[in-house]
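In the working numbering, the protein residues as written are 4 to 339.
Rendered as structure tokens:
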């Protein structure tokens, strides 16, 4: 049990914050819906409930993924976070369906809300939007941190989009869900105003359907990304980066094999390289130590397996491109 709580401390912090915030928001929206019967508020309540459950499970999954490898599971638990995300999106998918169904029913049979209670909906939605933006900002900063960038001012809201693919699975999920939650809150706020001050009662049904469709978009995108992660996906950007560093070592004559596989939030690297057959075992061991030190210093790399073969004079590795400009230029082996 002690190990479990220790792992929880290493879990994804934005997902835990988002789970707590969305639980509070869901309660507030539920109370507002109970007192006003506003269908847009119902959609927002369902959305917040889905996000809270989703993000809580993601936090647990991200914590368990940090567990060290065991004799029974020698490859570690990195992909647990992908499996948990796959399970979590099922919850969001069900709630998305219920949200769209309720919105469609309200669109066909619009119900007039009590004008004297409109301030309850607007107040709750205003608080929810402010809280969701706080979580979104925090997730954006975490994305920039994952990308090795510094986020100041509005950058966590803007620059985070360009680096979304380089974020950890849990952080990416939180950012996308809270982006939809913030947008949905703004739409619901507008719908309440239109319904109560312009008599456009169908607007609440339209907004409910839009929110449900946005939730479905998150479900589809997150499902596909984590399905690839659970299977084991090559990180092409880091593969090119590591290939550049390895080939830049004058002792490496060729690369026979290089794999950079995503294991949840981490990268597993396997390298087979060719070296001069006249090198001694001690010299080859020094080259290996330098490469291990260099590659493990790259962002996200957790473990590496390196083996050598003698140079056959045939150049087989032809996949090296220019160094990605978005990745940091680290020390070469000769400088270590």
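For each residue, glycine too, the CB sits at the ideal point set by N, CA and C. No experiment lies behind these values; they were computed from the predicted model shown.
Under the criterion of beta carbons closer than 8 angstroms, residue 211 and residue 46 qualify as touching, at roughly 4 angstroms.
The beta-carbon separation of residue 241 and residue 102, rounded to 38 angstroms, does not stay under the 8 angstroms limit for a contact. Listed in chain order, the non-local C-beta contacts of residue 159 below 7 angstroms within the same chain comprise 140, 143, 144, 147, local neighbours out to five positions each way being set aside.
DSSP places residue 207 inside the alpha helix (DSSP H), whose first and last residues are 205 to 234. For residue 104, the enclosing alpha helix (DSSP H) covers residues 83 to 111. Apart from the 5 residues on each side of it in sequence, residue 306 sits with its Cβ closer than 7 angstroms to the Cβ of 271 in its chain, given in chain order. With contact defined as three or more Cβ pairs closer than 8 angstroms, the segment 57 to 75 and the segment 187 to 194 are not in contact. Taking a cut-off of 8 angstroms for Cβ pairs, the segment 222 to 231 and the segment 128 to 140 do not touch, as fewer than three such pairs fall below it. Of the candidates 128, 206, 232, the residue whose Cα lies closest to the Cα of residue 109 is 206. In this structure residue 258 is in contact with residue 276, their Cβ atoms being roughly 5 angstroms apart against a cut-off of 8 angstroms.
Bridge partners of residue 309 according to DSSP: 274. Linking residue 311 to residue 164 through their CA atoms gives a straight-line distance of about 40 angstroms. Looking from the CA of residue 62, the closest CA among 237, 204, 262, 86 belongs to 86. Beta bridge pairing from DSSP links residue 127 with no other residue. Residue 96 is positioned such that its CB atom lies no closer than 8 angstroms to that of residue 215. When DSSP reads this structure, residue 269 sits in a beta bridge with 266. When secondary structure is reduced to three states using DSSP, residue 258 falls in the strand class. In the structure shown, the three-state DSSP call for residue 237 is strand. Within its own chain, the residues whose Cβ lies closer than 8 angstroms to the Cβ of residue 182, once the five positions on either side in sequence are excluded, are 139, listed in chain order.
Secondary structure note for residue 196: its alpha helix (DSSP H) is the uninterrupted segment 172 to 200.
The residue from 51, 65, 269 with its alpha-carbon nearest to that of residue 14 is 65. Rounded to the nearest angstrom, the Cβ distance from residue 293 to residue 244 is 17 angstroms, too far for a contact under 8 angstroms.
C-alpha of residue 304 to C-alpha of residue 230: approximately 21 angstroms in a straight line. The Cβ atoms of residue 123 and residue 37 lie no closer than 8 angstroms to each other. For the pair residue 199 and residue 127, the CB atoms are not nearer than the 8 angstroms cut-off. Note on residue 185: 16 or more other CB atoms within 10 angstroms of its CB, so buried under the neighbour-count rule. Under a 10 Å Cβ-count criterion, residue 201 is classified as exposed, with fewer than 16 other Cβ atoms of the shown protein chains found around its own Cβ.
In chain order, 166, 169, 170, 329 place their CB closer than 8 angstroms to the CB of residue 150, counting only its own chain and leaving out the 5 sequence neighbours on each side. 8 angstroms or more divides the Cβ of residue 260 from the Cβ of residue 236. In terms of CA proximity to residue 17, 58 leads the group 314, 11, 58, 232. Exclusion of the five residues before and after residue 313 leaves 280 as the residues of its chain whose Cβ lies within less than 6 angstroms of its Cβ.
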